[in-house]
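Quick note, the sequences are listed as chains H and P, same order.
Residues in the first sequence are numbered consecutively from 16, following this note's numbering.
Residues in the second sequence are numbered consecutively from 2, following this note's numbering.
Glycine included, every Cβ here is placed at the ideal spot set by N, Cα and C.
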Amino acid sequence: MTPVWRYGRPALVLLLAGLAVGVPLWLVAVTSAKPQAEAIRPNLDPPGHWQPAANYADAVSEGEMLRGLLNSLLVVVPSVVLVLILGAGAAWVFARRKSRLVSAAYAVCISGLLLPPAVITIVMELRQLGLANSRPGMIAVYTGMYLSTSIFFMTGFIRAIPLELEEAARMDGATPSRIFWRIVLPLLRPVVATATIMVMLYAWSDVFYAFFVLGGGDRATLPLNLYQVASAQLYLENWHLVFAYVVVMSLPMVAVFLVGQRKIVSGITSGAVK
Amino acid sequence: MADTVVRTRRQPAAPGAPKGVGRLPRAAVHHPWWFALPAIAVFAGFFLVPNLLNFYYPFTDWSSYHADIAFTGLDNLRTIAEDGSLLRAIRTTLVYALLAAVFQNGFGLVLALLLEDDSRFNRFFRAVFFLPVLISALATGYVFRALLDQDGAVNSVLGTDVPWLGSTTWTLVIVTLIHGWKWMGLSMLIYLAGLKGIPHDMLEAARIDGAGPWRTFWSVRWPMLAPAVTFNVTTALIGSMNTFDIVQATTGGGPAASTEVFNIYMFRIFGQGLYAQASAMSLVLFLVVVAVAIPLVVGLRRREQML
Numbered sequence: 016m017t018p019v020w021r022y023g024r025p026a027l028v029l030l031l032a033g034l035a036v037g038v039p040l041w042l043v044a045v046t047s048a049k050p051q052a053e054a055i056r057p058n059l060d061p062p063g064h065w066q067p068a069a070n071y072a073d074a075v076s077e078g079e080m081l082r083g084l085l086n087s088l089l090v091v092v093p094s095v096v097l098v099l100i101l102g103a104g105a106a107w108v109f110a111r112r113k114s115r116l117v118s119a120a121y122a123v124c125i126s127g128l129l130l131p132p133a134v135i136t137i138v139m140e141l142r143q144l145g146l147a148n149s150r151p152g153m154i155a156v157y158t159g160m161y162l163s164t165s166i167f168f169m170t171g172f173i174r175a176i177p178l179e180l181e182e183a184a185r186m187d188g189a190t191p192s193r194i195f196w197r198i199v200l201p202l203l204r205p206v207v208a209t210a211t212i213m214v215m216l217y218a219w220s221d222v223f224y225a226f227f228v229l230g231g232g233d234r235a236t237l238p239l240n241l242y243q244v245a246s247a248q249l250y251l252e253n254w255h256l257v258f259a260y261v262v263v264m265s266l267p268m269v270a271v272f273l274v275g276q277r278k279i280v281s282g283i284t285s286g287a288v289k
Numbered sequence: 002m003a004d005t006v007v008r009t010r011r012q013p014a015a016p017g018a019p020k021g022v023g024r025l026p027r028a029a030v031h032h033p034w035w036f037a038l039p040a041i042a043v044f045a046g047f048f049l050v051p052n053l054l055n056f057y058y059p060f061t062d063w064s065s066y067h068a069d070i071a072f073t074g075l076d077n078l079r080t081i082a083e084d085g086s087l088l089r090a091i092r093t094t095l096v097y098a099l100l101a102a103v104f105q106n107g108f109g110l111v112l113a114l115l116l117e118d119d120s121r122f123n124r125f126f127r128a129v130f131f132l133p134v135l136i137s138a139l140a141t142g143y144v145f146r147a148l149l150d151q152d153g154a155v156n157s158v159l160g161t162d163v164p165w166l167g168s169t170t171w172t173l174v175i176v177t178l179i180h181g182w183k184w185m186g187l188s189m190l191i192y193l194a195g196l197k198g199i200p201h202d203m204l205e206a207a208r209i210d211g212a213g214p215w216r217t218f219w220s221v222r223w224p225m226l227a228p229a230v231t232f233n234v235t236t237a238l239i240g241s242m243n244t245f246d247i248v249q250a251t252t253g254g255g256p257a258a259s260t261e262v263f264n265i266y267m268f269r270i271f272g273q274g275l276y277a278q279a280s281a282m283s284l285v286l287f288l289v290v291v292a293v294a295i296p297l298v299v300g301l302r303r304r305e306q307m308l
C-alpha cells in the first residue's frame, strides 16, 4: 500500500462526504432555522437570527404535519404487514413445490420487479370498486406493487432453509398452518427486516402514486403535504418551512435505519448478489 | 399435479405405501395452494388487472369531460405522436435512465472501492453516504433546487450566475446527477457485498503474480463483481424510468419540457382530465420498459456466465 493511498484515501473520503453529503445537509439544517427574510435566497451562511422553534412549529401547523404523520402510518404500516405476510405465504409455496404451474405462477408474481404499475388505470379500477380516495385503496395498491419484491427475496431465502426442519414438526403432527406460523415465519426474520426497510423506503416517501390514489385533502400523507407546502403560491419562497418539514419527515426513516442498521445492510446485500 | 416430486428424503415410499393422504399428492397436503392465494389475488387484482386495462383505455375517449366512455381507436396515440410529446417523452426518459444508471453505479462503485476495508472509519462513512437513500426523493429534489436555483446557494458560494436548472440541454444531465446522488448509497452497499464475496486467495495470487492495483481491479475484481453489476444496472435503469419526484421537485418537467419524462407527462395530462391520453402514455412506458428490460436481463446474465 503506497503512502499516497494510505493518507490520500481518508482525506478523499472526508472531502467527498463533506461536499456531497455535508453541504446539502448543512443547507437544510441552517435554512430550517432562519427567518423567512433570510431564507428567501437560500445560502450556506449560518442564520443571523436563530428561530428553529418557530419554524418547526409553523411547519407542523401549516403543513398539517400531525395529520399527515397519522395518515402515512395508517397506509404504510398495513401495507408493510400485508406485503410481508402474504408474501411469505406465497414464497413458501413457490419455494417448496415443484411443477410447471408453480414456476409459472412464481414468474408472474415477480414480474412486478421490472414492470411499471399502470397508475392511470389503477385510478379507474379503484373508482369502480368504490376505493378511490380511500386508505384501503392505497394499501391495496402499495401491497400489489411491493409483493413482487418480498416474494422474490423470501423465495430465495426459504429455498436455503433445510426441509428437515419442517419434516420434524410434521412428524410431531403439526398442520401446515402451524408449521407456517411457528417454523417458517420465525426463520424468515432476517429477510423480513430487509423487506420491511425496502417497502418502507419506497412507501414512506412515495408521492406519485399517493397523488393519483389519495389526492390531497383529509387523507394526504406526509410527502403529499410537503408537496403542497412547497408548491402553494403563498409559500413559494418559504424555504425555511420546506426544510423544517423535510427534517421532521426524514427523521423516522433515519431512526429506523440506525436501529436496524446491521440487519438492513446484511439483508440488502445478501438478497441482491446471488 | 401428478408429477409433483415427493420430497421426503428420510422415508422413501415403500412399494404399495400410500403416496399421500387420500388421493392428493404430498406437496398439496404439506404446502397447500391456499397459502399463496391471498398474495396472488392482491397482485392480480391491483397490479395485473390495471396493466391489462391499460391495453384497452388508451383506445377510448375516457376523460373528465363526459361520463360515457366510447372506443375511438388510435386517436389518442395519434394525438400524442403528432404534438411531439410521444417521441420527446421516450427520448427524455431513455436518456434520463441511461445517465442516472451510469452516475448511480459510477458513484456507488467508487465509494465501495474507497470504503472497502472493514474499519470503524469506513463503517461510519458508509452510513453517511447511505443517508441520501433514506431522505425522500421529493425532499432531495427541494434540497437541490435550493442549491441550484439561480438565486440559490451554489451560485452565491461561487459568485456566479449560472441557470443550473434553466438549460434545455444540460439541466437533464444535472437532474440525473441528483438521481445518482440519491441512490448511490444503495449501489455502494451492493458493490461492497460483491467485493467481500471475492475469495482472498484469488487477490493474493494476483498480488504474488505481480499485478498492481489497476491490473487486479480489471482482471480479477471487476469480472468477479458481475452479479452485483447485473443487479445494480438493472434496478437503476428500470427504476429511473419510473422517476417522478426528483424531476417534479427540481424542474417540474421544464425548461420547455426538456426534462418531461413519462410520469411527469402523465401527471400533467391527468390533471387536465385527459385520462385516456395519460393512459396511452402509460401504455407506451410499459412497452418501453419491457423492450429495455428483457434484452438487458438476458444480456447481463449471459455476460456473467462468460466472465
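| Asked | Found |
| --- | --- |
| Interface positions of the region 274-288 of chain P facing chain H (Cβ-Cβ less than 7 Å), listed along the chain | Y276, A279, S280, S283, L286, F287 |
| Chain P contacts made by the region 157-171 of chain H, where a contact means CB separation under 8 Å | T158, G159, M160, L162, S163, I166 |
| Helix, strand or coil at P/S188 [DSSP, three-state] | helix |
| Buried versus exposed, by CB contacts within 10 Å (16 or more), P/D118 | exposed |
| CB contact check: H/R111 to chain P, cutoff 8 Å | yes |
| Beta-carbon separation (whole angstroms), H/A175 vs H/L99, contact threshold 8 Å | Wrong, their Cβ atoms sit about 18 Å apart, outside the cutoff. |
| According to DSSP, residues forming a beta bridge with P/D61 | The residue asked about is misnamed: residue 61 of chain P is Thr in this sequence, not Asp. According to DSSP, which records beta bridges pairwise, P/T61 is partnered with P/F72. |
| Under 8 Å by beta carbon: chain P residues contacting H/G102 | A40 |
| Any chain P beta carbon closer than 8 Å to H/A247 | no |
| Helix, strand or coil at P/H67 according to DSSP, with G and I counted as helix | strand |
| Cutoff 8 Å: P/P133 Cβ touching any chain H Cβ | yes |
| Contact check, P/M282 vs P/F263, beta carbons under 8 Å | yes |
| Neighbourhood of H/G231 by C-beta, 7 Å cutoff - its chain only, sequence neighbours within 5 removed | L239, Q243 |
| Interface partners of H/S76 on chain P, CB under 7 Å | Result: empty, since nearest Cβ-Cβ is about 19 Å, beyond 7 Å. |
| Contact with chain H by P/D152, beta-carbon distance below 8 Å | yes |
| Chain-ordered neighbours of P/V96 on chain H, where CB pairs are closer than 7 Å | Within chain H, no residue comes near P/V96; the closest Cβ sits about 18 Å away, beyond 7 Å. |
| Beta-carbon spacing of H/V91, P/D246 below 8 Å | no |
| Nearest to P/S168 (by Cα), restricted to the options P/S259, P/W35, P/L284, P/L187 | P/S259 |
| Any alpha helix (DSSP H) of 4 or more consecutive residues that is wholly inside the region 32-73 of chain H | 38-46, 51-54 |
| N-terminal and C-terminal residue of the alpha helix (DSSP H) that P/F145 is part of | 138-149 |
| C-alpha distance - H/W254 paired with P/F108, whole-angstrom precision | 29 Å |
| CA nearest to the CA of H/R111, picked from H/L40, H/E181, H/S94, H/G127 | H/E181 |
| Beta-carbon spacing of H/S149, H/S126 below 8 Å | no |
| 8 Å Cβ cutoff, P/A14 in contact with chain H | With a pLDDT of only 44 at P/A14, under 50, the local geometry of the prediction cannot be trusted, and the value read off the model is given with reservation. No, no contact with chain H. |
| Per-residue DSSP class, three states only, for H/A133 | coil |
| Beta-carbon gap between P/V221 and P/A207 smaller than 8 Å | yes |
| Cut-off 7 Å between Cβ atoms - residues of its own chain near P/L204, not counting five sequence neighbours on either side | T217, V221 |
| Helix, strand or coil at H/V19 [DSSP, three-state] | helix |
| Any chain P beta carbon closer than 8 Å to H/P151 | no |
| Contact with chain P by H/Q66, beta-carbon distance below 8 Å | no |
| Of the listed residues P/E83, P/F126, P/N77, nearest to H/G37 (C-alpha basis) | P/F126 |
| Residues within the region 16-41 of chain H neighbouring chain P, beta-carbon criterion of under 7 Å | R24, P25, L27, V28, A32, A35, V36, P39 |
| Pairwise C-alpha distance: H/G275 and H/V199 | 22 Å |
| 8 Å Cβ cutoff met for P/I179 and P/T251 | yes |
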